[in-house]
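All you need for my numbering is the position in the sequence shown, starting with 1, plus 1112. Here's the structure, in C-alpha cells; my notes come after.
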Amino acid sequence: MNWNRMLGVAVLGLCTASLSAGEEQQVQMSQVPTAAWDAASKAAEGVRFTQAAMEMEQGKKVYELSGKNFEGCQYEVDVTADGKVLEVEQQITIDEVPATVRRAIERRAQQFQAKKIEKSIRPYQGVWYEFEGQNGQGEHIDLEISSCGTMCKIELEDDTDQLAQAHSEESEMPLQEVPQEIRSAASQKVRNVEWTKAFTEHEDGQLVYELQGRDQDGRQIEVDITADAQILEVEREIELEDAPQQVQQALARQAEGFTVEFAERSERPESVWYEFEGRNAKGQQCDIEIHEDGRQLAFEEEDDHDQHLQASSQDRRQPRQRATQTQRTRQTRTSAQGQ
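The structure is reproduced here in C-alpha cells:
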C-alpha cells in the first residue's frame, strides 16, 4: 500500500456545486485518480505529496499535487485524470538559474528582486523559470522566462500580461533540456542520428526547436520541430551530384560561376527543396534554394537582398522562410524553364 496516499484516507462526498474553469478546489489525497497519482510520482521521484487540488482546464480535470523531497525542496505536479503530466515545478535558488535567463531578467525587468523561484518543466513547451518578486518601482511582479531566455511573460499587480518575444532570435539550449517527446519525434523521423546540439527560436509566435546531429555516415542532419512535435523541416547534408538533374541544371543556368561549398536536401511538409551555400562569380557569400522541380529559386547574398525566380505562374509555393539575424526583403520575377 502506498504510504503517501494513506495521508488522505478520508473520502469526501460528491461535490454538488459545479467547478468553473480556472477555479481551484482542494481535494483529499484519496480522491486523486490512480493514473494521475502514478504519473506524478514517476515525474517527481522521491517527493512525498501532502496536498492535492483540482481545477477544470478546457473541460478536463487537472490535479495539482504538492509536496517535498527528502531534502526539503518543494515540488508541484500538474497532471490530468488519465495520467498526462502537464507541468512539474521545483523550487530553486537564484544560483541554479541559467545565465541566459538571468540576462533576460536584466533586460526585461531591471532592478527586479526575486522572492520565490521555480523551475518549470513542461513536456510540450520545454523548461521555463518562474519568478515572484518586486520591480524597481516596488510593484509585485511575476516573471516566466524560457530556458533559452528568448521569451518572457511579465504579469504585474493589475493582472496585465506582457509577452516579450525576441522574434527570429535563435538561442542554443542544453540538449538534455529538450523535451523527450521532441527528441523522440525527431529520432523517429530521421533514424540513426546522434544529436549533438539544440537551439530554439520563435516563428510567428510559435516555439520551434532545432536539433542538429550527424548520421552514421557522418553527414549533418537538422530537424525543425514545434513544441507539439510537428515536424517543420528536415535538412540532410548531400553532395551536389545527389541533387536531381533538373536542380543541378537550374543552378548552373541561373547562378553561373557559383561555387558550391555546402549542400542540403530540405524536406518540408509541402515540398522538397535543395539548399546550396557558396560563393558567386564575384566572390560574395551566397545561399541558393531550388525547388525539386528546378522551376523556383531563391537567392540570398551578402547584402541581404533576396530574389525569387519563379518559372510557372501556376506553382506559387514559396520556400519556408528561415529566421536570420537580419530581416531580409524579397522580390519576385519570372524566368522561362529551360532558358
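All C-beta atoms in this analysis are idealised placements derived from N, C-alpha and C, irrespective of residue type, glycine included.
Margin query: Counting C-beta neighbours from all protein chains within 10 Å, is the total for Ile1206 16 or more, i.e. buried, or is it exposed?
Written below: exposed
Beta-bridge partners of Thr1192, as assigned by DSSP
DSSP output for Thr1192 lists Val1174 as bridge partner(s).
Residue span of the alpha helix (DSSP H) that contains Ile1217, given as start and end: DSSP places Ile1217 in the uninterrupted alpha helix (DSSP H) bounded by 1211 to 1220.
| task | To the nearest angstrom, report how far apart Asp1254 and Thr1192 are at their CA atoms. | result | 25 Å
Would Asp1329 be called buried (16 or more neighbouring beta carbons within 10 Å of its own) or exposed? exposed
Fill in: Proximal residues to Leu1344 (C-beta, below 6 Å), its chain only, five neighbours per side dropped
Asp1336
What are the residues that DSSP puts in a beta bridge with Gly1179? Phe1161, Tyr1187
Open item on the list: Does the stretch 1345 to 1359 come into contact with the stretch 1393 to 1410, if we say contact requires no fewer than three beta-carbon pairs (one atom in each stretch) closer than 8 Å?
Closed with: yes
Delimiting residues of the beta strand (DSSP E) encompassing Ser1232
1225 to 1234
Worksheet item: Looking at Gln1324 and Lys1309, is the spacing between their C-beta atoms short of 9 Å?
Response: At the C-beta level, Lys1309 and Gln1324 come within 9 Å of one another.
Check whether the Cβ atoms of Glu1282 and Glu1322 lie closer than 9 Å to each other. yes
Problem set entry | Same chain, Cβ closer than 7 Å to Ser1182, five either side skipped, listed in chain order | Just to set this straight, residue 1182 is Phe in the shown sequence, not Ser. Excluding five sequence positions before and after Phe1182, the CB atoms of its chain that fall closer than 7 Å to its own CB belong to Gly1158, given in chain order.
task: Please list, in chain order, all residues of the same chain as Gln1246 whose beta carbon is under 8 Å from its beta carbon, the five residues on each side excluded.
output: Phe1224, Gln1225, Lys1227, His1252, Ile1253
Check your understanding: So, is Pro1286 buried or exposed, given that buried needs 16 or more other C-beta atoms within 10 angstroms?
Key -> Exposure of Pro1286 is indicated by the presence of fewer than 16 other C-beta atoms within 10 angstroms of its C-beta.
- Query: Should Gly1395 be labelled buried (16 or more other beta-carbon atoms within 10 Å of its own) or exposed?
  - Reply: exposed
query = Tell me which same chain residues have a C-beta within less than 8 Å of the C-beta of Arg1214, skipping the five on either side of it?
reply = Ile1206
Please specify which runs of the alpha helix (DSSP H), each continuous and at least 4 residues long, are wholly inside the stretch 1339 to 1373, giving them in chain order.
1357 to 1366
Rounded to a whole number of angstroms, what is the C-alpha to C-alpha distance between Gly1179 and Ile1233? Across the structure, Gly1179 and Ile1233 are spaced so that their CA atoms are roughly 16 Å apart.
Coil, strand or helix - Glu1306 by DSSP | strand
Query - Rounded separation between Pro1381 and Ala1221 - CA only - result: Near 39 Å, if we compare the C-alpha coordinates of Ala1221 and Pro1381.
- [ ] Would you please state the rounded distance, in angstroms, between the beta carbons of Glu1373 and Gly1390? I believe it to be under 8 Å.
- [x] 4 Å
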